[in-house]
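Numbering (my numbering), first residue to last: 103 to 155.
Glycine included, each C-beta is placed from N, C-alpha and C at the ideal position.
The structure presented is a predicted model; accordingly, all values stated were derived computationally and were not measured.
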């Protein structure tokens with residue numbers, strides 16, 4: 103994470119933490135398919151992407 107002017111770091115941190123927790127539950131329960139490889143979230147434009155490397 104990087105910080106810039108007028109950034110709300112706690113909002114981005116809670117979003118990324120929630121996504122990480124959701125993926126951990128998926129891995130533990132084997133009920134749903136986890137994200138395949140790489141997840142990138144851009145807090146400035148509020149876009150999220152997943153990439154297979």
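Would you identify the three-state DSSP class for residue i, choosing helix, strand or coil?
i	result
residue 147	coil
residue 158	The requested residue 158 does not occur in the structure, where the chain is confined to residues 103 to 155.
Report all residues from its chain with a CB closer than 7 Å to the CB of residue i; omit the five preceding and five following residues, and keep chain order.
i	result
residue 134	128
residue 151	142
residue 130	none
residue 155	139 and 140
From residue i to residue j, what distance separates their C-alpha atoms?
i	j	result
residue 141	residue 147	15 Å
residue 149	residue 143	6 Å
residue 113	residue 145	9 Å
residue 122	residue 138	13 Å
residue 125	residue 132	10 Å
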